Amino acid sequence: MSTNPLLSINNLTASVDEKTILHGIDLNVAPGETHVLMGPNGAGKSTMGHVIMGDPVYTVNEGSITFDGADITELTPDKRSRAGLFLSFQAPVEIPGVPLSSFLRAQIAGRPGLEMRGKEFRRRVKELAAELSMDTAYLNRELGVGFSGGEKKKVEMLQLLLLQPKLAVLDETDSGLDVDALGVVSRGMDAYRKATDGSLIIITHNTRILEHLEVDRVHVMVDGRIVREDDASLIPWIDANGFDSFEREAAAAAAGETR
Amino acid sequence: MAKNRTEVADIDRSLYDFSYGEEGFERLDAGLTPDIVTEISQRKNEPRWMLDLRLKSLEIYHRMPNPTWGPGIEGLDMDNIVTYVKPNTEQKNDWDSVPDDIKDTFERLGIPEAERSYLAGVGAQYDSELVYHNMQDTAAKMGIVYSGIEEALHEPKWEAIIREKFMTLIPPTDHKFAALHGAVWSGGSFVYVPKGVKLDFPLQSYFRLNAKGAGQFEHTLIVVEDDADLHFIEGCSAPKYNVANLHAGAVELFVGKRAHLRYSTIENWSKNMYNLNTKRARCEEEGEIEWISGSFGSHVGYLYPMSVLAGRKSRSNFTGITFAGTGQNLDTGCKVVLGAPDTTATVETKSISKGGGISTFRSSIVATPAAEGAAASVSCQSLMLDDISRSDTIPAMDIRAKNVDIGHEATIGRIGDDKIFYLMSRGISEEEARTMIVNGFANPVSKELPLEYAVEMNNLIKLEMEGAIG
Numbered sequence: 001m002s003t004n005p006l007l008s009i010n011n012l013t014a015s016v017d018e019k020t021i022l023h024g025i026d027l028n029v030a031p032g033e034t035h036v037l038m039g040p041n042g043a044g045k046s047t048m049g050h051v052i053m054g055d056p057v058y059t060v061n062e063g064s065i066t067f068d069g070a071d072i073t074e075l076t077p078d079k080r081s082r083a084g085l086f087l088s089f090q091a092p093v094e095i096p097g098v099p100l101s102s103f104l105r106a107q108i109a110g111r112p113g114l115e116m117r118g119k120e121f122r123r124r125v126k127e128l129a130a131e132l133s134m135d136t137a138y139l140n141r142e143l144g145v146g147f148s149g150g151e152k153k154k155v156e157m158l159q160l161l162l163l164q165p166k167l168a169v170l171d172e173t174d175s176g177l178d179v180d181a182l183g184v185v186s187r188g189m190d191a192y193r194k195a196t197d198g199s200l201i202i203i204t205h206n207t208r209i210l211e212h213l214e215v216d217r218v219h220v221m222v223d224g225r226i227v228r229e230d231d232a233s234l235i236p237w238i239d240a241n242g243f244d245s246f247e248r249e250a251a252a253a254a255a256g257e258t259r
Numbered sequence: 260m261a262k263n264r265t266e267v268a269d270i271d272r273s274l275y276d277f278s279y280g281e282e283g284f285e286r287l288d289a290g291l292t293p294d295i296v297t298e299i300s301q302r303k304n305e306p307r308w309m310l311d312l313r314l315k316s317l318e319i320y321h322r323m324p325n326p327t328w329g330p331g332i333e334g335l336d337m338d339n340i341v342t343y344v345k346p347n348t349e350q351k352n353d354w355d356s357v358p359d360d361i362k363d364t365f366e367r368l369g370i371p372e373a374e375r376s377y378l379a380g381v382g383a384q385y386d387s388e389l390v391y392h393n394m395q396d397t398a399a400k401m402g403i404v405y406s407g408i409e410e411a412l413h414e415p416k417w418e419a420i421i422r423e424k425f426m427t428l429i430p431p432t433d434h435k436f437a438a439l440h441g442a443v444w445s446g447g448s449f450v451y452v453p454k455g456v457k458l459d460f461p462l463q464s465y466f467r468l469n470a471k472g473a474g475q476f477e478h479t480l481i482v483v484e485d486d487a488d489l490h491f492i493e494g495c496s497a498p499k500y501n502v503a504n505l506h507a508g509a510v511e512l513f514v515g516k517r518a519h520l521r522y523s524t525i526e527n528w529s530k531n532m533y534n535l536n537t538k539r540a541r542c543e544e545e546g547e548i549e550w551i552s553g554s555f556g557s558h559v560g561y562l563y564p565m566s567v568l569a570g571r572k573s574r575s576n577f578t579g580i581t582f583a584g585t586g587q588n589l590d591t592g593c594k595v596v597l598g599a600p601d602t603t604a605t606v607e608t609k610s611i612s613k614g615g616g617i618s619t620f621r622s623s624i625v626a627t628p629a630a631e632g633a634a635a636s637v638s639c640q641s642l643m644l645d646d647i648s649r650s651d652t653i654p655a656m657d658i659r660a661k662n663v664d665i666g667h668e669a670t671i672g673r674i675g676d677d678k679i680f681y682l683m684s685r686g687i688s689e690e691e692a693r694t695m696i697v698n699g700f701a702n703p704v705s706k707e708l709p710l711e712y713a714v715e716m717n718n719l720i721k722l723e724m725e726g727a728i729g
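Quick mapping for you: the protein sequence lines, in order, are chains A and B.
Residue numbers for the first sequence follow this note's numbering, beginning at 1 and rising by one.
Residue numbers for the second sequence follow this note's numbering, beginning at 260 and rising by one.
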């Protein structure tokens, strides 16, 4: 692990409605690294992504998040985005009446190096859409309204490529996708890595999406704790064995704590 | 957005049926006399029948009570209004007396300097004459009459038409402010589109509101003959400031057989205004009226454009948006009379309330026994931006015909925190995110407006949304 991480999460404890979801998480991601966050349903993986992005639904009770040398624990999500963080949503929302293209324009407005004139912007977005096998007709449609699950995910990838963040958290971007759409998402991740040499945290159940990726670290999360960390060799092991053993260990540990 | 079907409550009287209560009228009416009304008429050199109509209206006005079923109008400053309609009274208006927030808004909406004082009601007619005359010339070449209604009254040919139609859709007996309008009306537009003539650009009354009192009691009379087509735009998004705080205009629209009229309005009266405006259209066989209505300003508003579908297969489409902010109580909606077989009507409204603003949607669909095979659908979506604002839906339906298809749907929602977080996660500030969502909500209305008006409406929403957080 780098001594100079891009993202450094220290002893992070977070809760929602007074229920603690994350218990003392530590995680460091160096520039250019790809990390995978795995674990059974309800382990707190998505919460982790949301807390990194600053979702006000969650309260950070303890610990800190440092990004690119600055403590961002108290920053609002828009400021985190402008600092170079990105979260791809598992379930992107629908905003009726707002064309996708207007939404994209608002995102790049005022970003040094990204703000473009109208013509340039349209060309750029069309290029990206083509790269993601996305019909450009979507650009004029209302954000998310009537989009299929796969189309919504493509739109997320489009934004990832447009914004070129320093670090992107992809929350189950592969879930519920057919093979074609999975291919598109993989291509999107590749394109992002090539274009930016940015870091990735990939939250997933599914190891398939990881097949063509060079993974640096794998973190296994159970019940809001990171219970195992290893290199990419852990992926085929999980593929074969699932999370059962981690869950049993966690349960035993919890039982030990309460004893 | 949570989608809850709201309770559909019956109201036991029609929108225009005012109940009676006696107290307070004497005091309110002090000052408005037959002498003043006669003087108004004489100064305008009107035909005798118009003076008679004014005097009759005045009598009705004195007899009628204020409405008691809608937002309170206790703050209505009738003495000031009397002063305003009184001929020969000096109007002591100057730019310095215009409130700062209005000046500021002019600035930010990008209203040209020359127009500002005019819009604020303190300047002479601004330099729009050229635009207006170009518009008028083009229309005239097609045989369309587009003129001030007072001028038209002096042309015998048009006087006959005006006399036949004036205040027949909105009789002075309709309600107190219709009566007041009949007595003191001033200025407004007269448009006559001959048979089969289709105008392909909108006429805009913006350039016509310059007669004295025109901002308050203007009368718009539009006749679209058979097979003709017109788009008329009233008002503009700039806040209009008037010393007198009552607007009681009247709009009467006559749509011939197979004719089409689109009537678009954006109103942004200053926030001291009581907007008690009355608008009606009558459609003959296969005629169509389209209402596009944006209500932003006013302290209190009562506004329910009404379509009387008198001819078989005539149609009415209403698209409206109301934005009620702090200190505003806007009671808006639409009324349709399905008065002939196979008539159809759609009503689609959006309302936004914020900062304690109250927005009430009131609709009335009446199907007369003649309306066999008629259909109407009413949809009302409300968006509340905080916990202190209020939004109500009062749809009324009175169906007296067989084989009629009527539907109503109402939803009331808030902006979901998940949507805000999503937008913010892409670098958009909270205020911008909320504005974006509200603009999106208003989009079905703005997309019906000509581009320049749509842009102005979006700017207006942006202004209204400022400081909406915290």
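Here a beta-carbon is modelled for each residue, glycine too, at the ideal position from N, C-alpha and C.
In this text the structure is predicted, and so the values were computed from the model without any measurement.
Paired residues, beta bridge with residue i - DSSP
i, result
"W550 of chain B", "B:Y522, B:F577"
"R541 of chain B", "B:F513, B:V567"
"A457 of chain B", "Here residue 457 of chain B is Lys; the residue named in the question, Ala, does not match the sequence. Answer is B:D488."
"K609 of chain B", "B:I580, B:Q640"
Proximity winner among the options, relative to residue i (alpha-carbon distances)
i, options, result
"R111 of chain A", "A:R80, A:P5, A:H219", "A:R80"
"G615 of chain B", "B:L644, B:A626, B:T591", "B:L644"
"E477 of chain B", "B:V443, B:R693, B:G553, B:K457", "B:V443"
"R322 of chain B", "B:E690, B:R574, B:T432", "B:T432"
"A633 of chain B", "B:V625, B:P600, B:S622", "B:P600"
"R649 of chain B", "B:E707, B:Q463, B:L682, B:G586", "B:G586"
"L317 of chain B", "B:T619, B:N718, B:I299", "B:I299"
"I235 of chain A", "A:H212, A:A251, A:V125", "A:H212"
"S623 of chain B", "B:K678, B:I492, B:V567", "B:V567"
"Y561 of chain B", "B:E723, B:A437, B:P415", "B:A437"
"H558 of chain B", "B:G584, B:E543, B:Y405, B:A569", "B:G584"
C-beta contact flag for residue i and residue j at 7 Å
i, j, result
"N22 of chain A", "I9 of chain A", "The sequence shown places Leu at residue 22 of chain A, rather than the Asn named in the question. Cβ atoms of L22 of chain A and I9 of chain A: not closer than 7 Å."
"V36 of chain A", "L6 of chain A", "no"
"L480 of chain B", "A507 of chain B", "no"
"F513 of chain B", "V482 of chain B", "yes"
"K454 of chain B", "D485 of chain B", "yes"
"G592 of chain B", "F620 of chain B", "yes"
"Y138 of chain A", "L100 of chain A", "yes"
"Y58 of chain A", "V16 of chain A", "yes"
"T13 of chain A", "N61 of chain A", "yes"
Element boundaries [alpha helix (DSSP H), containing residue i]
i, result
"T196 of chain A", "179-196"
"F67 of chain A", "No alpha helix (DSSP H) contains F67 of chain A, which is instead part of the beta strand (DSSP E) from 59-67."
"T694 of chain B", "689-705"
"I108 of chain A", "100-108"
"K45 of chain A", "45-53"
DSSP-derived helix/strand/coil call for residue i
i, result
"G380 of chain B", "Low local confidence applies: a pLDDT of 48 at G380 of chain B is under 50, so the model's placement there is unreliable, with the coordinate-based value given in what follows. Note: G380 of chain B maps to coil in three-state DSSP."
"R467 of chain B", "The pLDDT assigned to R467 of chain B is 39, lower than 50, so where the model puts this residue is not dependable; a value taken from the coordinates is nonetheless given after this. Coil."
"W417 of chain B", "helix"
"S133 of chain A", "coil"
"E282 of chain B", "With a pLDDT of only 37 at E282 of chain B, under 50, the local geometry of the prediction cannot be trusted, and the value read off the model is given with reservation. Reduced to three states, the DSSP call for E282 of chain B is coil."
"D171 of chain A", "strand"
"A473 of chain B", "Note that A473 of chain B scores 47 on pLDDT, short of 50, meaning its location in the model is unreliable; the coordinates nonetheless yield the value given after this. Note: A473 of chain B maps to helix in three-state DSSP."
"V125 of chain A", "helix"
"K19 of chain A", "strand"
"P77 of chain A", "helix"
"G150 of chain A", "helix"
"R228 of chain A", "strand"
"L428 of chain B", "coil"
"P92 of chain A", "coil"
"A253 of chain A", "helix"
"F620 of chain B", "strand"
"D311 of chain B", "helix"
"F243 of chain A", "coil"
"H321 of chain B", "helix"
"L722 of chain B", "helix"
"E142 of chain A", "strand"
Host beta strand (DSSP E) of residue i (start-end)
i, result
"P330 of chain B", "Premise fails: P330 of chain B is in no beta strand (DSSP E) and is neither H nor E."
"L535 of chain B", "533-535"
"L6 of chain A", "Looking at the DSSP string, L6 of chain A is not in any beta strand (DSSP E), and its letter there is neither H nor E."
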